[in-house]
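**Q**
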Amino acid sequence: MKRLLAFLRKEFLLLKADPLLPRLMIAAPILQLLVLGYALTFETAHVKTAILDLDRSPASRALEAALEASDRFDLAARATSLDELEELIEEWEVKLGIYIPPDFSRDLQRGQARVLCLLDAVDGTQAFTAYTYFEALAAQTFPQVGTRPVVREGTATVHYWYNPLLKSQVYMIPGLVILIVTMVSLLLGALSLVREKEQGTLDQLLVSPLSPLQILTGTLFPFLLYSLVELSLAMTAAWAIFGTLPRGGILPLFLVVTLYLFTTLGLALLISTISHTQTQALFFAWFAMVVLILLSGFLIPVANMPQWLKTLTLLNPLRYMMTVVRELYIKGAPLSALWREVLALGGLGILVMGVAAARFGRSGA
Numbered sequence: 095m096k097r098l099l100a101f102l103r104k105e106f107l108l109l110k111a112d113p114l115l116p117r118l119m120i121a122a123p124i125l126q127l128l129v130l131g132y133a134l135t136f137e138t139a140h141v142k143t144a145i146l147d148l149d150r151s152p153a154s155r156a157l158e159a160a161l162e163a164s165d166r167f168d169l170a171a172r173a174t175s176l177d178e179l180e181e182l183i184e185e186w187e188v189k190l191g192i193y194i195p196p197d198f199s200r201d202l203q204r205g206q207a208r209v210l211c212l213l214d215a216v217d218g219t220q221a222f223t224a225y226t227y228f229e230a231l232a233a234q235t236f237p238q239v240g241t242r243p244v245v246r247e248g249t250a251t252v253h254y255w256y257n258p259l260l261k262s263q264v265y266m267i268p269g270l271v272i273l274i275v276t277m278v279s280l281l282l283g284a285l286s287l288v289r290e291k292e293q294g295t296l297d298q299l300l301v302s303p304l305s306p307l308q309i310l311t312g313t314l315f316p317f318l319l320y321s322l323v324e325l326s327l328a329m330t331a332a333w334a335i336f337g338t339l340p341r342g343g344i345l346p347l348f349l350v351v352t353l354y355l356f357t358t359l360g361l362a363l364l365i366s367t368i369s370h371t372q373t374q375a376l377f378f379a380w381f382a383m384v385v386l387i388l389l390s391g392f393l394i395p396v397a398n399m400p401q402w403l404k405t406l407t408l409l410n411p412l413r414y415m416m417t418v419v420r421e422l423y424i425k426g427a428p429l430s431a432l433w434r435e436v437l438a439l440g441g442l443g444i445l446v447m448g449v450a451a452a453r454f455g456r457s458g459a
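Position in the sequence shown (first residue = 1) + 94 = the numbering used here.
1) Along the chain, which unbroken stretches of the beta strand (DSSP E) at least 3 residues long are found entirely within the segment 198-235?
2) Report, in whole angstroms, the separation of the C-beta atoms of Ala-382 and Leu-361, which I expect to be a contact under 8 Å.
3) Pull up the distance between the alpha-carbon of Val-419 and that of Val-275, whole angstroms please.
4) Ignore the nearest five residues each way along the sequence and tell me which others in Arg-289's own chain have a CB closer than 8 Å to its CB.
5) Using C-beta distances below 6 Å, list every residue in its chain close to Ala-375, excluding the 5 sequence neighbours before and after it, in chain order.
6) Using a Cβ-based criterion (distance less than 6 Å to any ligand heavy atom), does Phe-392 qualify as near the ligand FAD?
7) In whole angstroms, give me the CA-to-CA distance for Ala-379 and Thr-338.
8) Are the Cβ atoms of Leu-161 and Leu-169 separated by less than 7 Å?
9) With distances taken from CA atoms, which of Ala-450, Gln-126, Phe-392, Gly-440 is nearest Leu-314?
10) Buried or exposed for Pro-340, please, with buried defined as at least 16 other CB atoms from any protein chain shown within 10 angstroms of its CB.
11) Short of 6 Å in beta carbon distance, which residues of its chain neighbour Ser-154, apart from the five on each side in sequence? Order them along the chain.
12) Measure the beta-carbon distance from Arg-413 to Gly-391 and round it to whole angstroms, keeping in mind my assumption that it falls under 8 Å.
13) Could you round the C-beta distance between Val-278 and Ala-332 to whole angstroms and report it? I think they count as a contact, below 8 Å.
14) Relative to the C-alpha of Ile-124, which candidate in Thr-138, Leu-327, Glu-181 has its C-alpha closest?
15) Which residues does DSSP list as the beta-bridge partners of Lys-142?
16) From the DSSP output, read off the bridge partner residues of Ile-194.
17) How many Å lie between Met-415 and Leu-310 at the Cα?
18) Report the three-state DSSP secondary structure of Thr-371 (helix, strand or coil).
19) Given a cut-off of 7 Å, decide if Tyr-132 and Pro-268 are closer than it, judged by their beta-carbon atoms.
20) Can you say whether Glu-247 is buried or exposed, counting buried as having 16 or more other CB atoms within 10 angstroms of its CB?
21) How far does the alpha helix (DSSP H) with Lys-261 in it extend, from its first residue to its last?
22) Leu-182 to Ala-144, Cα distance in whole Å?
23) Using only the alpha-carbon positions, how far apart do Asn-398 and Leu-408 sit?
24) What distance in whole Å lies between the Cβ atoms of Val-351 and Leu-325, which are believed to be in contact at a cut-off of 8 Å?
25) Sorted by chain position, which residues of the same chain lie with C-beta nearer than 7 Å to Met-329's C-beta, five sequence neighbours on each side aside?
26) Report the three-state DSSP secondary structure of Ile-427 (helix, strand or coil).
27) Expressed to the nearest angstrom, what Euclidean distance is found between the alpha-carbon atoms of Thr-138 and Leu-260?
28) Closest by CA to Phe-222, which one among Leu-393, Leu-202, Leu-190, Glu-185?
29) Nearest CA to the CA of Leu-273: which residue from Thr-226, Gly-312, Ser-262, Ser-321?
30) Secondary structure at Gly-342, three-state DSSP: helix, strand or coil?
31) Excluding sequence positions up to five away, which residues of its chain have a Cβ less than 6 Å from the Cβ of Leu-347?
32) Could you check what DSSP says for Ile-394 in three-state terms: helix, strand or coil?
33) For Thr-367, count neighbouring Cβ atoms within 10 angstroms of its own Cβ and tell me buried if that reaches 16, exposed if not.
34) Quick check on this structure: which residue in Val-446, Leu-157, Ile-335 has the alpha carbon closest to the alpha carbon of Thr-235?
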């Protein structure tokens, strides 16, 4: 035990001797949350819009006024013909063209009104989002001018739970917190281990009285603690900037992240055993990061993937961690409701760490 404690102390001193590490640990989560937290959004605002109003009635003018008042749309042009409206879209002047036909107000009173929306769908997601915003705007506007609502009585009443304003940040920020922890544990762990290999430090440890288990524990434990510190900093930054905290409690999140780190640190150890230089380790680590993120459901829902990719995601620990962190942050779910994800993380952690440790022992790092 004394040897292990002395080894741990030496590892902490080596990390502490790096002057850049403390600065990166503090600056990285703040900068990443600031940039990605505002950039990664599925919301659409200030869509350049043109309108062609051939009805010129109180109803059509009310719709035009609502467009001008909304921050979702920027009314950039008023066309005089359908050809001009189409030309504005073709020349990239606007993204959305709205055509209000003659007799629109009369058809509105009959409940048969139609508005033609022309959309630049080069970005299909933005086009669909802009269309849904316009639908909602029209449904809110027409009752205000004393006409029959577009959404008639008898349709469903919708209540959005947990995220009533449908803000993308509520969904994205918890995932970003976990991505920051993943990057730190995987990249820092792999690069530091390979650096020790290049310097010959690991070779000296292998001929020391320390057992392989003690070497692994002493090597990986500092990175485990540093990753948990990074989690604390990322959570603090998320709370300070976006006001988000895990509704399910901080302690359950730390427990599951600790379990998750066995997988990421195991991957870091595995990368260090197949890399001979820090450049190779960086390449392998980034490749692993890209695959983990794309198959995690962070950006693309797993439900939208083809079946063979869905099956592949079952081997991705980040997929389960994304589910856990979003359930804890947004929904406030108890860990008892997430036992499948926790069990999967535990199983993958044992598997990855076991394979990495076995290869570490055979190859002598």
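The beta carbon of each residue, even a glycine, is placed where N, CA and C say it ideally should be. These numbers were taken from a predicted model, which means no experiment stands behind them.
**A** Judging by the given coordinates:
1) Counting whole runs of 3 or more residues, the segment 198-235 contains the beta strand (DSSP E) stretches 210-213.
2) The pair is a contact, with the Cβ atoms about 6 Å apart (cut-off 8 Å).
3) When rounded, the separation of the alpha-carbon atoms in Val-419 and Val-275 is 12 Å.
4) The beta carbon of Arg-289 sits closer than 8 Å to those of Gln-372, all from its chain and outside the five residues before and after it, given in chain order.
5) Same-chain partners within the cutoff: Ala-284, Leu-285, Val-288, Ile-365, Ser-369.
6) No copy of the ligand FAD occurs in the structure displayed, which carries no ligand at all.
7) Using only the alpha carbons, I get a separation of about 29 Å.
8) Against a cut-off of 7 Å, the Cβ pair of Leu-169 and Leu-161 comes out as a contact.
9) Leu-314 has its Cα closest to that of Ala-450, out of Ala-450, Gln-126, Phe-392, Gly-440.
10) Label assigned to Pro-340: buried.
11) Same-chain partners within the cutoff: Asp-147, Ile-194, Phe-198.
12) Yes, Arg-413 and Gly-391 are in contact; Cβ-Cβ is about 6 Å, under 8 Å.
13) Not really, about 15 Å apart at Cβ, beyond 8 Å.
14) When each option's Cα is compared against that of Ile-124, the closest is Leu-327.
15) The bridge partners DSSP lists for Lys-142 are Asp-168.
16) Under DSSP, Ile-194 shares a beta bridge with Asp-147.
17) Answer to the nearest angstrom: the Cα atoms are 24 Å apart.
18) Here Thr-371 sits in coil by DSSP.
19) It is not a contact, given that the beta carbons lie outside the stated cut-off.
20) With a pLDDT of only 38 at Glu-247, under the threshold of 50, the placement of this residue in the model should not be trusted, and no figure is reported.
21) Under the DSSP assignment, Lys-261 falls outside any alpha helix (DSSP H); it carries neither an H nor an E label.
22) Rounded to the nearest whole angstrom, the C-alpha separation of Leu-182 and Ala-144 is 8 Å.
23) Those two C-alpha atoms are separated by around 15 Å.
24) About 6 Å; that satisfies the 8 Å criterion.
25) The residues are Val-271.
26) The sequence given here has Ala at residue 427, not Ile. DSSP places Ala-427 outside both helix and strand once states are collapsed to three, so it counts as coil.
27) The C-alpha of Leu-260 is placed about 12 Å away from the C-alpha of Thr-138.
28) If we check each option's Cα against that of Phe-222, Leu-190 comes out closest.
29) Ser-321 is the residue among Thr-226, Gly-312, Ser-262, Ser-321 whose C-alpha sits nearest the C-alpha of Leu-273.
30) In the displayed model, Gly-342 falls within coil according to three-state DSSP, outside both helix and strand.
31) Cβ within range, chain order: Pro-340, Leu-422.
32) Ile-394 carries a coil assignment under DSSP once its states are collapsed to helix, strand and coil.
33) Thr-367 sits buried, since 16 or more C-beta atoms from the chains shown fall within 10 Å of its C-beta.
34) Ranked by Cα distance from Thr-235, the first of Val-446, Leu-157, Ile-335 is Leu-157.
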